[in-house]
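Scroll down for the structure; my scribbles are underneath it.
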Amino acid sequence: MKSITTKDGTEIFYKDWGAGQPVVFHHGWPLSSDDWDAQMLFFAQNGYRVVAHDRRGHGRSTQTTSGNDMDTYAADVAALVDHLDLRDAIHVGHSTGGGEAARYVARHGAGRVAKLVLIGAVPPLLLKTPANPGGTPREVFDGLRTQLAANRAAFYWDFPVPFYGFNRTGTPLSEAVRQNWWRQAMNGGAKAQYDCIEAFSATDFSGDLERIDVPTLVMHGDDDQIVPIADSAMLSSKLLKNATLKVYKGFPHGMCTTHADVVNPDLLKFFRA
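Read in order, the letters of the sequence shown are residues 238 to 510 in our numbering.
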């Protein structure tokens, strides 16, 4: 197992496959780098070096009790990128990983980043505030924390259903996909995952997006039940200086798994453009 140790002693697990232009994948909450299997295999076979890490407190990384915030997440990525000396890299973030990727690119990516992709991503801000009236009320995120603390296993068993759109007519439930989601989620630390809810919901990435000038592809399903498109992709694409917005009709939040046959070729086209 490959890992680096950060300044605060946290071990960050990572995968590093292949050779070529590096593509760095940032996973969503409460999962791990395993959530990118369909993309990492595809791009390794198409001439790219693919790198993905388990965020602190998630997957095989240290189950941290502190540092579970976007600034630290981005700093951890910077430490990994520096360790591997990645240059001309493409960063791809899904959901919470989209926030992490945006903050990394804005604050640490100068001279190292070629492109950015945000998929079903949380920026610019999920939480409803006076300045963001279209956001999701805090009570919703409080409910996630309550369910996690009360019975994490049961909560994580139910959550993949809307995540992948299995509750939609005509979309059969895949037990394999559900169990793989549950496996990844339960492998992480409860405290870190609890704290991460605040990080992905209440962090304002507007300033980060405004600072990013590399070509950015914003991809989002219009049936995303976890990160509503109207208050995420539609706003992020306007704040970014060099953005292309691509909306997928009927796609769920977990579109990289359910529709990898569509997502992967679209990513490849953007990478090669």
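No residue lacks a Cβ here, since even glycine has one placed at the ideal position from N, Cα and C.
If you're wondering where the values come from, they're calculated on a predicted model, not measured in any experiment.
The continuous alpha helix (DSSP H) containing Phe280 extends over residues 274–281. Remark: fewer than three beta-carbon pairs, one from each stretch, lie closer than 8 Å, so the stretch 398–418 and the stretch 428–435 are not flagged as touching. Judged by pairs of C-beta atoms under 8 Å, the stretch 401–413 touches the stretch 479–495, as three or more such pairs exist. In this structure the stretch 252–266 does not lie against the stretch 387–394, because fewer than three pairs of beta carbons, one per stretch, are closer than 8 Å. Assignment of beta strand (DSSP E) within the stretch 327–415, counting only whole runs of 3 or more residues, yields 350–356 in chain order. The beta carbon of Phe279 lies closer than 7 Å to those of Asn501 in the same chain, with the five residues before and after it left out. Setting aside the 5 residues that flank it on each side, Ala315 is surrounded in the same chain by His345, each with a C-beta closer than 6 Å to its C-beta; the list follows chain order.
In its chain, beyond the 5 residues on either side, Leu363, Leu364, Lys365, Ser438, Pro465, Asp468 have a beta carbon closer than 8 Å to the beta carbon of Thr373. With 16 or more other Cβ atoms from the protein chains shown falling within 10 Å of its own Cβ, Met307 counts as buried. Classified as buried, Met277 has 16 or more neighbouring CB atoms from the shown chains inside 10 Å of its CB. Each residue's CA atom was taken as its position, placing Leu323 and Val350 some 9 Å apart.
Residue range 497–509 is occupied by the alpha helix (DSSP H) that includes Arg509.
Within the stretch 425–489, the beta strand (DSSP E) runs of at least 3 residues that lie entirely inside it are, in chain order, 453–458, 480–485. In the three-state reduction of the DSSP assignment, Ser270 falls in the helix class. Across the set Arg297, Gln282, Trp273, the C-alpha of Trp273 shows the shortest separation from the C-alpha of Ala289. Taking the Cα of Gly426 as reference, the smallest distance to any Cα among Leu504, Tyr393, Leu477 is reached at Tyr393.
If the five residues before and after Ala429 are omitted, its C-beta is found closer than 7 Å to the C-beta atoms of Arg293, Gly294, His295, Gln300, Thr301, Asn305, all from its own chain and listed in chain order. For Ala510 and Lys483, the gap between their C-alpha atoms comes out near 15 Å. Between the C-alpha atoms of Gly334 and Val342 there is a straight-line separation of about 12 Å.
Val329 and Leu353 have their C-alpha atoms some 6 Å from each other.
Judged by their CB atoms, Phe442 and Ala339 are nearer to each other than the 8 Å cut-off. In the DSSP assignment, Ala315 falls within the unbroken alpha helix (DSSP H) covering 307–321. C-alpha of Lys252 to C-alpha of Ser269: approximately 11 Å in a straight line. With fewer than 16 other beta carbons inside 10 angstroms of its own, Gln282 counts as exposed.
Going by C-alpha positions, Gln421 is about 33 Å away from Asp450. Annotation: the continuous beta strand (DSSP E) that includes Lys239 extends over 239–242.
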